[in-house]
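S.K.: Can you read through this structure? Questions will come right after.
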Amino acid sequence: MPVFPSQHLKRLVDLARKGRVAPLYLFVGDPEEAYAKASKIVSVLVEKGALYESFDLQEASFEDLMALLSEAALFGPLKVVLVKHGERLAGKKDIVSRILKSLAPGSRSLCLLAETYPEEDELYRYALEKGVVVPLNLQKGQARFLSDLPHLLSEAGKKMDREVAEYFLSLLGEDYARFRNELEKLILYTGDREIITRDDVEAVVSPDEEAALFLLGDVLMEKGPEVAWGILRRLLEGGEVPARVLKALTTFFKRLWLLHYLLSSKPELLRINRFDAFKSAYENLLKEVWPERPPAVLTKLHPYAVFRLKRHLRKFSSETFPKLFYYLWELDLALKKDFRDPYRAFYEFFIRVFELQRRGMFQKSPQVLESFG
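For the sequence shown, position 196 matches number 203 in the working numbering, and the numbering has no gaps at all.
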(Lines of atoms letter the chains of each structure in order from A; the text may use other names.)
(Lines give C-alpha, C1' and ligand atoms only; values in the text may rest on other atoms or scores of the structure.)
Protein backbone atom coordinates (compact mmCIF):
# COMPACT_ATOMS: atom_id res chain seq x y z
CA MET A 8 0.00 0.00 0.00
CA PRO A 9 2.37 2.80 -1.12
CA VAL A 10 0.77 6.17 -2.04
CA PHE A 11 -2.91 6.92 -1.44
CA PRO A 12 -4.10 10.39 -2.52
CA SER A 13 -6.36 11.96 0.09
CA GLN A 14 -9.39 11.54 -2.21
CA HIS A 15 -9.01 7.75 -1.82
CA LEU A 16 -9.04 7.85 1.97
CA LYS A 17 -12.28 5.83 2.06
CA ARG A 18 -10.44 2.83 0.60
CA LEU A 19 -7.79 3.05 3.32
CA VAL A 20 -10.51 3.20 5.98
CA ASP A 21 -12.23 0.16 4.43
CA LEU A 22 -8.95 -1.78 4.43
CA ALA A 23 -8.40 -0.94 8.11
CA ARG A 24 -11.94 -2.10 8.86
CA LYS A 25 -11.07 -5.45 7.22
CA GLY A 26 -7.98 -5.80 9.40
CA ARG A 27 -5.43 -4.73 6.79
CA VAL A 28 -3.51 -2.23 8.92
CA ALA A 29 -0.25 -0.60 7.83
CA PRO A 30 2.57 -0.27 10.39
CA LEU A 31 3.05 3.37 9.29
CA TYR A 32 0.62 5.93 7.87
CA LEU A 33 2.41 9.13 6.81
CA PHE A 34 0.04 12.08 6.21
CA VAL A 35 1.83 15.00 4.53
CA GLY A 36 0.15 18.41 4.30
CA ASP A 37 -2.03 20.84 6.25
CA PRO A 38 -1.99 19.84 9.97
CA GLU A 39 -5.74 20.30 10.51
CA GLU A 40 -6.61 18.32 7.40
CA ALA A 41 -4.07 15.62 8.26
CA TYR A 42 -5.54 15.22 11.75
CA ALA A 43 -9.12 15.07 10.46
CA LYS A 44 -8.26 12.37 7.92
CA ALA A 45 -5.97 10.31 10.14
CA SER A 46 -8.68 10.32 12.80
CA LYS A 47 -10.97 8.36 10.46
CA ILE A 48 -8.50 5.46 10.39
CA VAL A 49 -7.82 5.73 14.12
CA SER A 50 -11.55 5.63 14.92
CA VAL A 51 -11.99 2.39 12.96
CA LEU A 52 -9.03 0.77 14.71
CA VAL A 53 -10.27 1.83 18.16
CA GLU A 54 -13.71 0.40 17.34
CA LYS A 55 -11.96 -2.90 16.57
CA GLY A 56 -10.28 -2.90 19.99
CA ALA A 57 -6.98 -1.11 19.39
CA LEU A 58 -5.34 0.93 22.16
CA TYR A 59 -4.87 4.58 21.20
CA GLU A 60 -2.33 7.22 22.20
CA SER A 61 -1.82 10.76 20.88
CA PHE A 62 1.60 12.43 20.91
CA ASP A 63 2.91 15.87 19.89
CA LEU A 64 6.60 16.26 19.03
CA GLN A 65 6.29 19.99 19.69
CA GLU A 66 5.52 19.28 23.33
CA ALA A 67 7.59 16.18 24.18
CA SER A 68 10.93 14.60 23.31
CA PHE A 69 11.88 11.87 20.86
CA GLU A 70 12.78 9.63 23.80
CA ASP A 71 9.28 10.07 25.20
CA LEU A 72 7.91 8.88 21.87
CA MET A 73 10.20 5.84 21.91
CA ALA A 74 9.05 5.00 25.43
CA LEU A 75 5.43 5.21 24.31
CA LEU A 76 6.03 2.95 21.30
CA SER A 77 7.86 0.35 23.37
CA GLU A 78 4.99 -0.04 25.84
CA ALA A 79 2.94 -2.30 23.55
CA ALA A 80 3.04 -5.99 24.35
CA LEU A 81 3.95 -8.38 21.55
CA PHE A 82 0.81 -10.47 21.93
CA GLY A 83 -1.54 -7.76 23.25
CA PRO A 84 -4.05 -5.70 21.27
CA LEU A 85 -2.87 -3.43 18.46
CA LYS A 86 -1.54 -0.10 19.69
CA VAL A 87 -2.03 2.89 17.37
CA VAL A 88 -0.09 6.08 18.08
CA LEU A 89 -0.99 9.35 16.34
CA VAL A 90 1.98 11.74 16.23
CA LYS A 91 1.64 15.44 15.39
CA HIS A 92 4.48 17.62 14.00
CA GLY A 93 6.16 14.58 12.48
CA GLU A 94 8.29 16.85 10.28
CA ARG A 95 10.59 17.20 13.30
CA LEU A 96 11.81 13.65 12.67
CA ALA A 97 13.24 14.56 9.25
CA GLY A 98 17.01 14.08 9.20
CA LYS A 99 17.09 12.42 12.66
CA LYS A 100 18.60 9.14 11.39
CA ASP A 101 19.17 7.47 14.75
CA ILE A 102 15.71 8.11 16.20
CA VAL A 103 13.99 7.28 12.87
CA SER A 104 15.85 3.97 12.70
CA ARG A 105 14.76 3.11 16.26
CA ILE A 106 11.15 4.08 15.53
CA LEU A 107 11.00 1.90 12.43
CA LYS A 108 12.44 -1.08 14.31
CA SER A 109 9.71 -0.70 16.93
CA LEU A 110 6.90 -0.94 14.37
CA ALA A 111 5.47 -4.42 14.07
CA PRO A 112 2.48 -5.34 11.88
CA GLY A 113 -0.44 -6.34 14.09
CA SER A 114 1.25 -4.98 17.21
CA ARG A 115 2.04 -1.29 16.64
CA SER A 116 0.83 1.19 14.04
CA LEU A 117 2.03 4.77 13.76
CA CYS A 118 -0.03 7.60 12.21
CA LEU A 119 2.50 10.35 11.56
CA LEU A 120 1.26 13.83 10.64
CA ALA A 121 3.81 16.10 8.94
CA GLU A 122 3.35 19.44 7.22
CA THR A 123 6.22 18.51 4.88
CA TYR A 124 8.55 15.52 4.74
CA PRO A 125 11.61 14.85 2.51
CA GLU A 126 11.13 11.91 0.16
CA GLU A 127 14.76 10.83 0.52
CA ASP A 128 14.38 10.30 4.28
CA GLU A 129 14.45 6.70 5.55
CA LEU A 130 11.04 7.07 7.20
CA TYR A 131 9.42 8.26 3.96
CA ARG A 132 10.99 5.35 2.03
CA TYR A 133 9.72 2.91 4.67
CA ALA A 134 6.21 4.34 4.34
CA LEU A 135 6.40 3.88 0.55
CA GLU A 136 7.60 0.28 0.78
CA LYS A 137 5.82 -1.12 3.83
CA GLY A 138 3.30 1.49 4.94
CA VAL A 139 1.17 4.21 3.37
CA VAL A 140 1.95 7.76 2.25
CA VAL A 141 -1.10 10.05 2.11
CA PRO A 142 -0.14 13.29 0.31
CA LEU A 143 -2.87 15.80 1.09
CA ASN A 144 -4.33 18.14 -1.49
CA LEU A 145 -1.70 20.68 -2.59
CA GLN A 146 -4.34 23.07 -3.88
CA LYS A 147 -5.39 25.91 -1.61
CA GLY A 148 -8.67 27.30 -0.46
CA GLN A 149 -11.82 26.73 -2.49
CA ALA A 150 -10.37 24.37 -5.11
CA ARG A 151 -8.92 22.15 -2.40
CA PHE A 152 -12.14 22.11 -0.39
CA LEU A 153 -14.20 21.42 -3.51
CA SER A 154 -12.36 18.12 -3.99
CA ASP A 155 -13.18 17.05 -0.41
CA LEU A 156 -16.78 18.27 -0.29
CA PRO A 157 -18.54 15.46 -2.25
CA HIS A 158 -17.41 12.57 -0.04
CA LEU A 159 -17.92 14.57 3.18
CA LEU A 160 -21.50 15.31 2.11
CA SER A 161 -22.00 11.69 1.08
CA GLU A 162 -20.82 10.45 4.48
CA ALA A 163 -23.45 12.66 6.12
CA GLY A 164 -26.20 11.62 3.69
CA LYS A 165 -26.41 15.13 2.23
CA LYS A 166 -26.41 16.66 -1.24
CA MET A 167 -25.57 20.13 -2.53
CA ASP A 168 -25.66 21.28 -6.14
CA ARG A 169 -22.52 22.80 -7.62
CA GLU A 170 -23.78 26.40 -7.60
CA VAL A 171 -24.62 26.19 -3.88
CA ALA A 172 -21.28 24.46 -3.19
CA GLU A 173 -19.37 27.23 -4.96
CA TYR A 174 -21.29 29.88 -3.03
CA PHE A 175 -20.61 28.07 0.28
CA LEU A 176 -16.89 27.82 -0.47
CA SER A 177 -16.70 31.46 -1.57
CA LEU A 178 -17.57 32.46 2.02
CA LEU A 179 -14.59 30.62 3.49
CA GLY A 180 -10.91 31.47 3.77
CA GLU A 181 -7.95 29.08 3.58
CA ASP A 182 -8.48 27.40 6.96
CA TYR A 183 -9.38 23.69 6.71
CA ALA A 184 -10.71 23.59 10.27
CA ARG A 185 -13.09 26.45 9.49
CA PHE A 186 -14.27 24.63 6.36
CA ARG A 187 -15.06 21.50 8.41
CA ASN A 188 -16.73 23.47 11.22
CA GLU A 189 -18.97 25.44 8.85
CA LEU A 190 -19.91 22.24 7.01
CA GLU A 191 -20.79 20.54 10.32
CA LYS A 192 -23.00 23.52 11.19
CA LEU A 193 -24.80 23.15 7.86
CA ILE A 194 -25.29 19.41 8.33
CA LEU A 195 -26.71 19.89 11.83
CA TYR A 196 -28.92 22.80 10.71
CA THR A 197 -30.55 20.81 7.90
CA GLY A 198 -31.35 17.86 10.18
CA ASP A 199 -33.07 15.02 8.32
CA ARG A 200 -33.38 17.03 5.11
CA GLU A 201 -31.13 15.65 2.37
CA ILE A 202 -30.65 18.72 0.15
CA ILE A 203 -28.62 21.71 1.40
CA THR A 204 -29.82 24.91 -0.27
CA ARG A 205 -28.39 28.40 -0.72
CA ASP A 206 -30.89 29.64 1.89
CA ASP A 207 -29.38 27.16 4.38
CA VAL A 208 -25.89 28.48 3.65
CA GLU A 209 -26.98 32.10 4.07
CA ALA A 210 -28.74 31.26 7.35
CA VAL A 211 -25.79 29.44 8.93
CA VAL A 212 -22.43 30.43 7.43
CA SER A 213 -20.74 33.70 8.39
CA PRO A 214 -18.30 34.91 5.70
CA ASP A 215 -14.61 34.94 6.56
CA GLU A 216 -13.45 38.57 6.78
CA GLU A 217 -11.16 38.33 3.75
CA ALA A 218 -13.74 36.25 1.87
CA ALA A 219 -16.45 38.81 2.64
CA LEU A 220 -14.27 41.60 1.24
CA PHE A 221 -13.74 39.62 -1.96
CA LEU A 222 -17.40 38.60 -2.03
CA LEU A 223 -18.60 42.21 -1.97
CA GLY A 224 -17.82 42.97 -5.62
CA ASP A 225 -18.99 39.51 -6.66
CA VAL A 226 -22.37 39.98 -4.95
CA LEU A 227 -22.74 43.51 -6.30
CA MET A 228 -22.50 42.18 -9.87
CA GLU A 229 -24.59 39.07 -9.19
CA LYS A 230 -27.27 40.18 -6.72
CA GLY A 231 -27.39 43.97 -6.91
CA PRO A 232 -26.89 46.91 -4.53
CA GLU A 233 -29.24 45.87 -1.71
CA VAL A 234 -27.58 42.51 -1.04
CA ALA A 235 -24.10 44.04 -1.43
CA TRP A 236 -25.04 46.77 1.05
CA GLY A 237 -26.06 44.08 3.57
CA ILE A 238 -22.56 42.58 3.38
CA LEU A 239 -21.00 46.04 3.62
CA ARG A 240 -23.04 46.83 6.72
CA ARG A 241 -21.87 43.63 8.44
CA LEU A 242 -18.25 44.45 7.55
CA LEU A 243 -18.40 48.02 8.88
CA GLU A 244 -20.32 47.04 12.00
CA GLY A 245 -17.70 44.35 12.61
CA GLY A 246 -14.97 47.02 12.69
CA GLU A 247 -13.74 46.83 9.09
CA VAL A 248 -12.05 50.03 7.87
CA PRO A 249 -13.74 51.76 4.87
CA ALA A 250 -10.35 52.18 3.16
CA ARG A 251 -9.89 48.39 3.07
CA VAL A 252 -13.37 47.91 1.63
CA LEU A 253 -12.59 50.47 -1.08
CA LYS A 254 -9.29 48.74 -1.82
CA ALA A 255 -11.07 45.37 -2.12
CA LEU A 256 -13.60 46.81 -4.59
CA THR A 257 -10.83 48.49 -6.62
CA THR A 258 -8.89 45.22 -6.74
CA PHE A 259 -12.04 43.33 -7.77
CA PHE A 260 -12.73 45.60 -10.74
CA LYS A 261 -9.03 45.78 -11.67
CA ARG A 262 -8.96 41.97 -11.83
CA LEU A 263 -12.05 41.93 -14.02
CA TRP A 264 -10.50 44.55 -16.31
CA LEU A 265 -7.27 42.55 -16.71
CA LEU A 266 -9.19 39.30 -17.08
CA HIS A 267 -11.34 40.90 -19.79
CA TYR A 268 -8.18 41.97 -21.63
CA LEU A 269 -6.56 38.54 -21.18
CA LEU A 270 -9.52 36.43 -22.31
CA SER A 271 -10.36 38.69 -25.24
CA SER A 272 -7.37 37.05 -26.96
CA LYS A 273 -8.80 33.56 -26.32
CA PRO A 274 -12.57 33.87 -25.72
CA GLU A 275 -13.10 30.10 -25.98
CA LEU A 276 -11.91 29.88 -22.35
CA LEU A 277 -15.21 31.47 -21.34
CA ARG A 278 -17.03 28.33 -22.52
CA ILE A 279 -15.00 25.94 -20.36
CA ASN A 280 -17.16 24.64 -17.49
CA ARG A 281 -14.66 22.29 -15.82
CA PHE A 282 -12.17 23.89 -13.45
CA ASP A 283 -9.27 21.51 -14.15
CA ALA A 284 -9.48 22.21 -17.91
CA PHE A 285 -9.81 25.96 -17.36
CA LYS A 286 -6.90 26.07 -14.89
CA SER A 287 -4.28 24.69 -17.28
CA ALA A 288 -5.52 26.80 -20.22
CA TYR A 289 -5.63 29.95 -18.08
CA GLU A 290 -2.12 29.45 -16.68
CA ASN A 291 -0.73 28.87 -20.20
CA LEU A 292 -2.46 32.01 -21.48
CA LEU A 293 -1.01 34.09 -18.64
CA LYS A 294 2.50 33.04 -19.73
CA GLU A 295 1.73 33.74 -23.40
CA VAL A 296 0.36 37.25 -22.86
CA TRP A 297 2.80 38.28 -20.11
CA PRO A 298 5.85 35.98 -20.57
CA GLU A 299 8.12 37.90 -18.20
CA ARG A 300 5.91 39.12 -15.38
CA PRO A 301 2.12 38.61 -15.29
CA PRO A 302 0.23 41.24 -13.23
CA ALA A 303 0.48 40.43 -9.52
CA VAL A 304 -3.19 41.29 -9.06
CA LEU A 305 -3.98 38.17 -11.14
CA THR A 306 -1.18 35.85 -10.03
CA LYS A 307 -2.08 36.38 -6.36
CA LEU A 308 -5.61 35.17 -7.11
CA HIS A 309 -6.14 31.40 -7.04
CA PRO A 310 -7.18 30.03 -10.47
CA TYR A 311 -10.42 28.76 -8.95
CA ALA A 312 -11.40 32.31 -7.99
CA VAL A 313 -10.59 33.37 -11.57
CA PHE A 314 -12.76 30.49 -12.81
CA ARG A 315 -15.69 31.90 -10.82
CA LEU A 316 -14.99 35.50 -11.81
CA LYS A 317 -15.15 34.87 -15.54
CA ARG A 318 -18.95 34.56 -15.46
CA HIS A 319 -19.17 38.33 -14.89
CA LEU A 320 -17.34 39.13 -18.12
CA ARG A 321 -20.52 38.78 -20.18
CA LYS A 322 -21.64 42.04 -18.52
CA PHE A 323 -18.57 44.07 -19.52
CA SER A 324 -17.19 45.86 -22.53
CA SER A 325 -13.89 47.73 -22.72
CA GLU A 326 -15.82 51.02 -22.60
CA THR A 327 -17.32 50.13 -19.21
CA PHE A 328 -14.12 50.13 -17.20
CA PRO A 329 -13.14 53.83 -17.47
CA LYS A 330 -16.57 54.75 -16.11
CA LEU A 331 -16.24 52.25 -13.24
CA PHE A 332 -12.79 53.49 -12.24
CA TYR A 333 -14.03 57.07 -12.37
CA TYR A 334 -16.81 56.11 -9.92
CA LEU A 335 -14.21 54.45 -7.66
CA TRP A 336 -12.10 57.63 -7.74
CA GLU A 337 -15.15 59.71 -6.74
CA LEU A 338 -15.90 57.24 -3.93
CA ASP A 339 -12.32 57.62 -2.70
CA LEU A 340 -12.71 61.43 -2.63
CA ALA A 341 -16.06 61.18 -0.84
CA LEU A 342 -14.52 59.06 1.93
CA LYS A 343 -11.12 60.72 2.36
CA LYS A 344 -11.69 64.37 1.42
CA ASP A 345 -15.37 65.04 1.98
CA PHE A 346 -15.62 62.68 5.00
CA ARG A 347 -18.95 61.34 3.78
CA ASP A 348 -20.79 58.73 5.85
CA PRO A 349 -19.29 55.44 4.52
CA TYR A 350 -22.64 53.62 4.62
CA ARG A 351 -24.20 56.24 2.33
CA ALA A 352 -21.11 56.72 0.14
CA PHE A 353 -20.74 53.01 -0.62
CA TYR A 354 -24.46 52.56 -1.18
CA GLU A 355 -24.47 55.41 -3.71
CA PHE A 356 -21.53 53.74 -5.49
CA PHE A 357 -23.45 50.45 -5.62
CA ILE A 358 -26.46 52.25 -7.11
CA ARG A 359 -24.29 53.94 -9.77
CA VAL A 360 -22.81 50.58 -10.80
CA PHE A 361 -26.32 49.12 -10.94
CA GLU A 362 -27.49 52.07 -13.06
CA LEU A 363 -24.65 51.43 -15.52
CA GLN A 364 -25.94 47.90 -15.89
CA ARG A 365 -29.59 48.96 -16.12
CA ARG A 366 -28.87 51.54 -18.82
CA GLY A 367 -27.08 48.94 -20.89
CA MET A 368 -23.54 50.23 -20.26
CA PHE A 369 -22.46 46.65 -19.53
CA GLN A 370 -22.41 45.32 -23.07
CA LYS A 371 -20.69 42.29 -24.46
CA SER A 372 -17.75 43.07 -26.69
CA PRO A 373 -17.97 41.43 -30.15
CA GLN A 374 -15.27 38.86 -29.28
CA VAL A 375 -16.90 37.88 -26.00
CA LEU A 376 -20.42 37.85 -27.49
CA GLU A 377 -19.59 34.96 -29.79
CA SER A 378 -18.38 32.83 -26.86
CA PHE A 379 -21.71 33.03 -25.10
CA GLY A 380 -23.72 32.17 -28.20
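Every residue, glycine too, gets a C-beta built ideally from N, C-alpha and C. Here the structure is a predicted model, which is why all the values come from computation and not from measurement.
Return yes when the Cβ of LYS86 is within less than 8 Å of the Cβ of ALA57, no when it is not.
M.R.: yes
S.K.: Who does LYS91 pair with in a DSSP beta bridge?
M.R.: ASP63
S.K.: With DSSP run on the structure shown, which of helix, strand or coil describes LEU119?
M.R.: strand
S.K.: Mapping the DSSP letters down to three states, classify TYR183 as helix, strand or coil.
M.R.: In the three-state reduction of the DSSP assignment, TYR183 falls in the helix class, which pools H, G and I.
S.K.: Could you tell me whether the Cβ atoms of ALA41 and LEU143 are closer together than 8 Å?
M.R.: yes
S.K.: Compare the Cα-Cα distances from LEU178 to each of SER61, TRP336, GLY224 and VAL141 and report the closest residue.
M.R.: GLY224
S.K.: Which residues mark the beginning and the end of the beta strand (DSSP E) in which PHE34 is found?
M.R.: 31-35
S.K.: Just to confirm my understanding: we take HIS267, look at its own chain, exclude 5 residues before and 5 after, and list those with CB closer than 6 Å. What are they?
M.R.: LEU320 and PHE323
S.K.: Quick one: Cα of ARG251 to Cα of THR257, how far?
M.R.: 10 Å
S.K.: If you check the beta carbons only, do LEU110 and VAL103 fall under 8 Å apart?
M.R.: no
S.K.: Where does LYS108 fall in DSSP's three states?
M.R.: DSSP places LYS108 in the helix class (H, G or I) of the three-state scheme.
S.K.: Counting Cβ pairs, one atom from each stretch, are 3 or more of them under 8 Å apart for the stretch 24-40 and the stretch 119-130?
M.R.: yes
S.K.: Beta-carbon within less than 7 Å of ASP316's beta-carbon, same chain only, minus the 5 sequence neighbours each way: which residues are those?
M.R.: Note that residue 316 is Leu in the sequence shown, not Asp. Same-chain partners within the cutoff: ARG262, LEU263 and LEU266.
S.K.: Once DSSP output is grouped into helix, strand and coil, what is the label at LYS344?
M.R.: coil
S.K.: Would ALA312 and ARG187 be called neighbours here (beta carbons separated by less than 8 Å)?
M.R.: Not a contact, by the Cβ cut-off of 8 Å.
S.K.: Quick one: Cα of ARG18 to Cα of GLY26, how far?
M.R.: 13 Å
S.K.: Short of 7 Å in beta carbon distance, which residues of its chain neighbour VAL49, apart from the five on each side in sequence? Order them along the chain.
M.R.: TYR59, VAL87, LEU89 and CYS118
S.K.: Within the same chain, show all residues whose beta-carbon is closer than 6 Å to that of PHE69, passing over the 5 residues directly before and after it, in chain order.
M.R.: Non-local C-beta neighbours of PHE69 in its own chain, meaning closer than 6 Å and more than five positions away in sequence, comprise ILE102, ordered along the chain.
S.K.: With DSSP run on the structure shown, which of helix, strand or coil describes LYS99?
M.R.: Coil, per DSSP.
S.K.: What would DSSP say about PRO142, mapped onto helix, strand or coil?
M.R.: strand
S.K.: Within this structure, are the beta carbons of LEU269 and LEU277 separated by less than 8 Å?
M.R.: One thing to note: LEU269 has its Cβ no nearer than 8 Å to the Cβ of LEU277.
S.K.: Quick check: the Cα distance between GLU209 and ARG200, rounded to an integer number of angstroms?
M.R.: Rounded to the nearest whole angstrom, the CA to CA distance from GLU209 to ARG200 is 16 Å.
S.K.: Quick check on LYS230: does DSSP put it in helix, strand or coil?
M.R.: In the structure shown, LYS230 sits in a helix (DSSP, three-state: H, G or I).
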